[in-house]
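Going by our numbering, the first residue of the sequence shown is number 1328, and it counts up by one from there.
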Amino acid sequence: GPETRKLTALIRAEKAADRAQKARAAAARLLTAEKAAARKARNHQLYLSAGLLILAGLVETKTGQPTRDRGELLGALVTLANTPATATQRAAWKRTGDALLQAPRRPEPDAGA
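So, in structure tokens, the structure goes:
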């Protein structure tokens, strides 16, 4: 009768609400995973950028500390960022940088100790 139909409708509604909640949770997990992947990719790029400073001799490999005063280093980098360079200068920088990037990595002097 009518009571059975009401009960059936309530059960269906409850199951639908449960499915909707599970779908929301799955969507939230997906968004969280996407954000984590984006954060991981960004961190990897920052790590690679720090590696450039190490290759240039501006950061110690072992300690991660700048080899020059932090203010001096930042000032030099700001000057580089704000100084127009000719295509010739940029090409020379690229040749030098590409050569360093291709060079085999030297082990640290006490790596075997």
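Ideal Cβ placement from N, Cα and C applies to all residues, glycine included. This one's a predicted model, so the numbers in the text were calculated from it and none came from an experiment.
Which residue comes first and which comes last in the alpha helix (DSSP H) that contains residue i?
i       : result
Thr1394 : That residue, Thr1394, is in no alpha helix (DSSP H); it is neither H nor E in DSSP.
Gly1330 : Correcting the residue identity first, residue 1330 is Glu in this sequence and not Gly. Pro1329 to Leu1382 is the span of the alpha helix (DSSP H), which, as asked, contains Glu1330.
Thr1415 : Ala1414 to Gln1429
Measuring CA to CA, which of the options is closest to residue i?
i       : options                      : result
Ala1426 : Asn1370, Ala1383 and Gln1372 : Ala1383
By the 10 Å Cβ neighbour count, where 16 or more other Cβ atoms means buried, how is residue i classified, buried or exposed?
i       : result
Ala1440 : Unreliable placement is indicated for Ala1440, whose pLDDT of 47 sits below 50; the coordinate value is still reported in the next sentence. Classification for Ala1440: exposed.
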